[in-house]
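Structure record follows, encoded as structure tokens.
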Amino acid sequence: MMSDSPSCSGARPWRQGDDLPIIRVKYSLSTLQYNEMEGKRMSKQVALEEFRASTKTWLEGNFPKTLVGSAMGLEGEADDSMKADFELWRQRLADKGWGAPTWPAEFGGAGIGHPEAKIISQEMGKMGAFNPIPLMAGMGVTMVGPTLLEYGTDEQKAKHLRGMASGETRWCLGLSEPGAGSDLASLITKAEDDGDTYKLNGQKTWTSGADISQWCGALVRTDSNAKKRDGISFVMLPMAQDGVSTKPIRLISGASPFCDTFFDNAQAEKSDLLGPLNEGWSVVKRLLQHERQSQTQARGPGGSTKKPSFQQIAKDYVGVDDSGALADGDLRVRLIDHLMDSEAHGLTVNRITAEARGKVEVSAAASILKNSATKIAQGKAELTMELMGSQGVGWEGDNYTKEELDNVQDWLWGKAISIYGGSFEVQNNIISKNILGLPENTQKG
Amino acid sequence: MAALTEEQSMIRDQAKSWVTEQSPVQKFREMRDSGIESKFTPDTWQAMIDMGWTGILVPEQYGGSGLGYLTFGVILEEVGRQLTASPLFASAFVGASAVLLGGNEEQKQAILPKVVEGSVILTLAVDEGPRHSPKKTKLVAERSGSGFKLTGNKTFVHEGMTATDYVVAARTSGEGEEGITLFLVSASADGVSREAVTTFDSRGYANVHFDGVTVSETTVLGTVDQGYRVLEALLDRARAGLGAEMLGTAAQAFDMTLDYLKTRVQFGQVIGSFQALGHRAAGLFGQMELSRSCVEAALQAIDDDADAVPKLCSLSKAKVGDFLHEMSNQLIQIHGGIGMTDEFDAGFYLKRARLLEPSFGNRAFHRDRYARLLGF
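From first to last, the protein sequence lines stand for chains A and B. Going by numbering that gives the first Met the number 0, the letters in the first sequence line up with residues 0 to 444, in that order. Going by numbering that gives the first Met the number 0, the letters in the second sequence line up with residues 0 to 375, in that order.
Dropping the structure here:
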């Protein structure tokens, strides 16, 4: 170590007049500054570990053991004592503010940060516990709530957020219409001024869970003279009223959570307009960012965590050669490609999460992750079907295992992933325009 | 995996500004046109040494800064962006890794400071034919007196003409993974001869011949017959480092293409406004982001000494390999006719891309390896 440059790495003393950006410049951070940074980091880490310990203790004392490992969607399928335990667990979570832990405590959350929230879900996972509230709230906790927190009035927040955070109020979203899919801004459902209320007329489609929701957030046209995006507003209305009716949609995969929703002189309170009148487009853009972010997990729909590994399924159905390689060379290569894509996607989610640490805004990279997750989820179902051969094509009956039939559902349902939440092509438009800065096409004819 | 630290970001910025200002791709063109035998310019190499780049992997007690693989990776990425030619990767990254992984204390003290100051240029001599296949190493090292006698050939040795010393993978017994030994052999030893091979990327490679080269026991790196474990760890480091350079080369090709999409006018508008090209760019951008995650994860895993190193290094080399392959083709395609001219730089990137692809295992090699590591 050179005594005249205490923080020099010792390879060779710094040369006066050297104009090159030398590696050792890093030591220009004083030792004091460095220690301070390091100290802050350490004390944060200690605090997180303490939080982890107290989380574990609380979960051990409050999560009913009867529910260990049971799926989140057990409502309706379980016996009465399980149902009672489930309700008890929901109530305890809601009281603790852990249904939506990062929301402010005054609105039913726990007012904690994302690292702490992550610890809660990690610790839940370790003991087979779960947070059913986001699912029970429909689009409430994941999408409407975060948008309300940003755009809502104090009155709106007080009125709506607690019901979401406790899982007692389920929300649906009325966005798409029969004539407004990828081109959402061409929607025609109208909301007319009717004194203290708006009067809604029109049809929404793909409203997930509309038949079992208590509230709906709807995108409606409030000024039909304005340009497409400029005359749109976002209103919230209760589903239990004469002017609202729903009809479930049957899909290629069978029954679905989706509905057509009809507004026939439905009413929304004026105080339930979210964001300014005719500025609903910016509200919904934000809402959809939250949606995309919640869709970036590359998990097949309906997938559970207890399934055998994908490569094990491949080996079981296809077999291996003398060297232990999958017997079908072509399938093997495509399985490799799939698993590599999948791992690369996972590493990217981790990287973006790490890079976004401490920042509140939704990363622009969210739109990249959706297409990547889509490709993986759809590819997995297609590849699984191929690996399973003629066992992969069953619709129902005892000739097929649950796993085989589940994959068919994943495969068919999975076709929706590249359509909803901004289609594959719309995502590419967003990336090329918003992220890469490429201009709009002005070519005519 | 973590994001880059503040320190790593700072080093990247420094490297970026140096490479852009002092060693832009124009310098590479001048080097190529000069016909210089070393295939790099001495002042470029000296500047890297002076900046401390050659010591990034080397711990302080041997004269380096010991900043690790991810830090070196961010520099290699910047070097890859401007195609800066030098023995940095061969010697300070791969060579230094060989000594760090296999060397004893005496060897480390003797060699590492010289690698840092640049008086020794190390390189790995592993391939013996057109395919990267380290398990099939044939170059024979037989016991001879108190040492060994090496006989055989090595091909496609990076910076093989300017290296002062080779890390040679040789067979001392057995077959496959068993019986491989690593040696440190001076390029000036009796019986060593080399010839330059002229490749389309205009960089330095050699075929090296060992004709009964006698070396002492002290030149063994690691343990006799047990060299494969070290060799594989070393190759993984080389793959991770090359992945970083490849990412830089591809990222620059992407940036050049994106610029062109925004400026080239046809049919009365910039061509980037056409959806076919916008979507192609979006797809490439997605590939780039995914590749970057793999490259950084592999380097980070090496720094963390994680179990996943082999898997992540193969993932990284294969994924960034896919991206660079596609990106270098799109670089030409989207530039159209100008991309075909030697006057424009696109060809340099295409050629470099195809040279890096088979180095230390091509995409097929790493796909197969990845699958075997996952048990199928």
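Glycine included, every Cβ here is placed at the ideal spot set by N, Cα and C.
Cα-Cα separation between residue i and residue j, rounded to whole angstroms
i, j, result
"isoleucine 429 (chain A)", "valine 348 (chain A)", "19 Å"
"serine 272 (chain B)", "histidine 278 (chain B)", "10 Å"
"asparagine 264 (chain A)", "asparagine 440 (chain A)", "40 Å"
"glycine 436 (chain A)", "glutamate 231 (chain B)", "43 Å"
"proline 177 (chain A)", "phenylalanine 309 (chain A)", "38 Å"
"arginine 23 (chain A)", "arginine 161 (chain A)", "Here arginine 23 (chain A) scores only 42 on pLDDT, less than 50, and its place in the model should not be relied on; the value that follows carries that caveat. Distance between the alpha carbons of arginine 23 (chain A) and arginine 161 (chain A): 54 Å."
"phenylalanine 88 (chain B)", "valine 184 (chain B)", "19 Å"
"glycine 303 (chain B)", "proline 58 (chain B)", "Note that residue 303 (chain B) corresponds to aspartate in the displayed sequence, not to glycine. For aspartate 303 (chain B) and proline 58 (chain B), the distance between alpha carbons rounds to 15 Å."
"alanine 91 (chain B)", "lysine 39 (chain A)", "35 Å"
"phenylalanine 297 (chain B)", "threonine 352 (chain A)", "First, the amino acid is wrong: residue 297 (chain B) is alanine here, not phenylalanine. Each residue's alpha carbon lies about 18 Å from the other."
"glutamate 295 (chain B)", "histidine 113 (chain A)", "24 Å"
"leucine 172 (chain A)", "lysine 95 (chain A)", "27 Å"
"tyrosine 68 (chain B)", "asparagine 328 (chain B)", "29 Å"
"glycine 230 (chain A)", "glutamine 81 (chain B)", "50 Å"
"valine 376 (chain B)", "glutamine 13 (chain B)", "The shown model of chain B, from 0 to 375, leaves out residue 376 (chain B), and the question about it has no answer."
"arginine 31 (chain B)", "valine 119 (chain B)", "24 Å"
"lysine 82 (chain A)", "threonine 141 (chain A)", "24 Å"
"tryptophan 412 (chain A)", "serine 371 (chain A)", "17 Å"
Extent of the continuous beta strand (DSSP E) to which residue i belongs
i, result
"histidine 208 (chain B)", "204-214"
"tryptophan 205 (chain A)", "196-207"
"isoleucine 118 (chain A)", "That residue, isoleucine 118 (chain A), is in no beta strand (DSSP E); its alpha helix (DSSP H) goes 113-125."
"glycine 173 (chain A)", "170-173"
"lysine 246 (chain A)", "243-247"
"glycine 216 (chain A)", "214-220"
"aspartate 32 (chain B)", "Where aspartate 32 (chain B) is concerned, there is no enclosing beta strand (DSSP E), although the alpha helix (DSSP H) it sits in stretches over 24-33."
"glutamate 268 (chain A)", "257-268"
"lysine 314 (chain A)", "No beta strand (DSSP E) contains lysine 314 (chain A), which is instead part of the alpha helix (DSSP H) from 309-317."
"phenylalanine 253 (chain B)", "Per DSSP, phenylalanine 253 (chain B) belongs to no beta strand (DSSP E); it is in the alpha helix (DSSP H), 226-262."
"lysine 189 (chain A)", "189-193"
Counted within 10 angstroms of its Cβ, other Cβ atoms place residue i as buried (16 or more) or exposed
i, result
"arginine 368 (chain B)", "buried"
"arginine 130 (chain B)", "exposed"
"lysine 25 (chain A)", "A caution first: lysine 25 (chain A) carries a pLDDT of 36, below 50, which makes its placement in the model unreliable, though a value can still be read off. So lysine 25 (chain A) ends up on the buried side."
"valine 264 (chain B)", "exposed"
"proline 275 (chain A)", "exposed"
"alanine 380 (chain A)", "buried"
"arginine 169 (chain A)", "buried"
"glutamine 240 (chain A)", "exposed"
"lysine 369 (chain A)", "buried"
Run of the alpha helix (DSSP H) containing residue i, from where it starts to where it stops
i, result
"asparagine 361 (chain B)", "Asparagine 361 (chain B) -> no alpha helix (DSSP H), and no H or E assigned at all."
"glutamate 105 (chain A)", "Per DSSP, glutamate 105 (chain A) belongs to no alpha helix (DSSP H) and is neither H nor E."
"aspartate 321 (chain B)", "308-334"
"valine 407 (chain A)", "401-413"
"glutamine 90 (chain A)", "79-95"
"methionine 339 (chain A)", "328-354"
Under 7 Å by beta carbon: chain A residues contacting residue i
i, result
"cysteine 293 (chain B)", "Ala343 and Leu346"
"arginine 366 (chain B)", "Val332 and Ile335"
"alanine 296 (chain B)", "Leu346"
"alanine 280 (chain B)", "Ser431, Leu435 and Leu437"
Chain-ordered neighbours of residue i on chain B, where CB pairs are closer than 7 Å
i, result
"proline 438 (chain A)", "Val269, Gly271 and Ser272"
"alanine 376 (chain A)", "Chain B residues near alanine 376 (chain A): none, gap ~15 Å exceeds 7 Å."
"glutamine 310 (chain A)", "Leu373, Gly374 and Phe375"
"lysine 314 (chain A)", "Phe375"
"valine 67 (chain A)", "None at all; the shortest Cβ gap to chain B is about 30 Å."
Interface residues of chain A facing residue i [CB-CB closer than 8 Å]
i, result
"lysine 316 (chain B)", "The contacting residues do not exist; lysine 316 (chain B) stays about 11 Å from chain A at best."
"alanine 2 (chain B)", "Arg350, Ala353, Glu354 and Arg356"
Neighbour list for residue i in chain A, Cβ cutoff strictly below 9 Å
i, result
"leucine 289 (chain B)", "Asp340, Ala343, His344, Leu346, Thr347, Ile367 and Ser371"
"phenylalanine 155 (chain B)", "Within 9 Å Cβ-Cβ: nothing; phenylalanine 155 (chain B) doesn't reach chain A, min ~25 Å."
"phenylalanine 284 (chain B)", "Ile367, Ile430, Ser431, Ile434 and Leu435"
Neighbouring residues, chain B, relative to residue i (Cβ below 9 Å)
i, result
"leucine 325 (chain A)", "Ala370 and Phe375"
Closer than 8 Å at the beta carbon, the chain B residues around residue i
i, result
"valine 319 (chain A)", "Phe375"
Any C-beta of chain D under 8 Å from that of residue i
i, result
"glycine 277 (chain B)", "The displayed structure is made up of protein chains A and B, and chain D is not among them."
>> Under 9 Å, CB to CB, which of the residues in the stretch 404-435 of chain A have a partner in chain B?
In response: Residues Glu424, Gln426, Asn427, Asn428, Ile429, Ile430, Ser431, Lys432, Ile434 and Leu435.
> Which residues, taken in chain order from the stretch 333-361 of chain A, show a beta carbon closer than 8 Å to some beta carbon of chain B?
Replying inline: Along the stretch 333-361 of chain A, the positions whose C-beta sits under 8 Å from a C-beta of chain B are Leu334, Ile335, Asp336, Leu338, Met339, Asp340, Glu342, Ala343, His344, Leu346, Thr347, Asn349, Arg350, Ala353, Glu354 and Arg356, read in chain order.
> Can you list, in chain order, the residues of the stretch 201-223 of chain B whose Cβ is nearer than 9 Å to any Cβ on chain A?
Replying inline: Closer than 9 Å at the C-beta level to chain A, one finds no residue of the stretch 201-223 of chain B.
> What residues in the stretch 129-149 of chain B have a beta carbon less than 9 Å from any beta carbon of chain A?
Replying inline: Cβ contacts with chain A: none found.
> At a Cβ cut of 8 Å, what residues of the stretch 69-81 of chain B count as close to chain A, listed as they run along the chain?
Replying inline: Of all residues in the stretch 69-81 of chain B, none has a Cβ within less than 8 Å of some Cβ in chain A.
> In chain order, what residues of the stretch 230-262 of chain B put their CB closer than 9 Å to some CB of chain A?
Replying inline: Near chain A, meaning a CB-to-CB distance below 9 Å, the residues of the stretch 230-262 of chain B are Leu257, Leu260 and Lys261.
> Looking at chain A, which residues of the stretch 314-339 of chain B have a Cβ within less than 8 Å of any of its Cβ atoms?
Replying inline: Taking a C-beta cut-off of 8 Å against chain A, the contacting residues of the stretch 314-339 of chain B are Leu314, Ala317 and Lys318, listed in chain order.
> For the stretch 101-114 of chain B, which residues have a CB atom closer than 9 Å to at least one CB atom of chain A, in sequence order?
Replying inline: For the stretch 101-114 of chain B, which is checked against every Cβ of chain A, the residues closer than 9 Å are Pro112.
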